[in-house]
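Heads up, the sequence shown is in the numbering used here, so the first residue is 24 and it goes up one at a time. Read the structure below first, then the notes.
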Amino acid sequence: MSVRVRRTALLFMSALLGWTIALGPPNANAATNRAFGGIAGINNGTFDGGDGTGEAAITLDSVKLALVKQARDASGNVLADGADVTPGQQIWFVLYIDNVTNFPAAGIRISDVLDESEFTYVPDSLESATAVSGANDATIWSRAWSSLTDAVGAPDDIASITDTGGPPDKDRLTIGEVPGQMNDPVTISANTLLAVRFRVTVD
Ligand SMILES: [Ca+2]
Ligand SMILES: [Ca+2]
24 MSVRVRRTAL
34 LFMSALLGWT
44 IALGPPNANA
54 ATNRAFGGIA
64 GINNGTFDGG
74 DGTGEAAITL
84 DSVKLALVKQ
94 ARDASGNVLA
104 DGADVTPGQQ
114 IWFVLYIDNV
124 TNFPAAGIRI
134 SDVLDESEFT
144 YVPDSLESAT
154 AVSGANDATI
164 WSRAWSSLTD
174 AVGAPDDIAS
184 ITDTGGPPDK
194 DRLTIGEVPG
204 QMNDPVTISA
214 NTLLAVRFRV
224 TVD
């Protein structure tokens, strides 16, 4: 058991390091853009008041959205970090992003590499669901999940999983328009949580 616990904990850590998440326009930190312009043909850098004393400024506020990854048992119970799992057992991995803002988050891209020394992907187990922002673990699990194809497709949906080497099973999950494995673009509506899940067998 102790060996398994340690290996699982290491996997979580390596998986965390391996993730990349890229967001569209909302990912920039707050910034102020100043427009240069003038009144009556005088480029004095002001639009405010029309008297030449103001300053045209637009402040863009944004937040960084966190990617959460959970391991869950067959019933959807979240497994604690380093929880014991047994060879042959099937578990779920759930990835979700909660867009807590009042604006859509466009250009979401996620890449997640499965550690094939620990887990084997269960074919055709990719699914997605949405929930209201702030939904708890049980609510997320209870949502209506829609099947996604493993294939990259034309692209045909927002996610895919491919075999990049090692064992002949699929090991690289991408969500959104990830270069080299392009899926449909992903935009998460305001105040909405997007979750993707897939099943694996513990090696
Ligand atoms: Ca697909
Ligand atoms: Ca593989």
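Glycine included, every Cβ here is placed at the ideal spot set by N, Cα and C.
(message) Which residues end up in the neighbourhood of ligand 2 when you take C-beta atoms closer than 7 Å to any of its heavy atoms?
(response) GLU139, ASP186, THR187, GLY188, GLY189, PRO190, PRO191, ASP192, LYS193 and ASP194
(request) Using only alpha-carbon positions, find the residue among SER151, GLY203 and PRO190 that is nearest to VAL175. (result) GLY203
(message) Counting beta carbon pairs with one atom in the segment 127-136 and one in the segment 198-214, are three or more of them shorter than 8 Å?
(response) yes
(request) Grab the span of the beta strand (DSSP E) containing ASP160 for me, first residue to last. (result) Not the beta strand (DSSP E): ASP160 falls in the alpha helix (DSSP H), residues 160-165.
(message) Is any non-hydrogen atom of ligand 1 found closer than 7 Å to the C-beta of THR197, if you look at the structure I gave you?
(response) no
(message) Excluding the 5 residues flanking LEU216 on each side, which residues of the same chain have their C-beta closer than 8 Å to its C-beta?
(response) TYR119, ILE120, ASP121, ASN122, THR153, ALA154, VAL155, SER156, GLY157, ALA158 and ILE163
(request) Using 10 angstroms around the beta-carbon of ALA97, count the other beta-carbons present and answer buried if the total reaches 16, otherwise exposed. (result) exposed
(message) If you follow the beta strand (DSSP E) that TRP168 is in, where does it begin and where does it stop?
(response) Segment: none, TRP168 is in no beta strand (DSSP E) and carries neither H nor E.
(message) On the CB-based measure, 16 or more other CB atoms within 10 Å of its CB, does ARG222 come out buried or exposed?
(response) buried
(request) Please state if the CB of VAL136 and the CB of ARG195 are separated by a distance shorter than 8 Å. (result) yes
(message) Taking 7 Å as the cut-off, is the beta-carbon of LEU171 closer than that to any non-hydrogen atom of ligand 1?
(response) yes
(message) If you measure between the beta carbons of VAL91 and THR124, is that distance less than 8 Å?
(response) no
(message) Just to confirm the assignment, what range does the beta strand (DSSP E) spanning SER183 have?
(response) 182-185
(message) Which of the three DSSP states is assigned to PHE126 in this structure?
(response) coil
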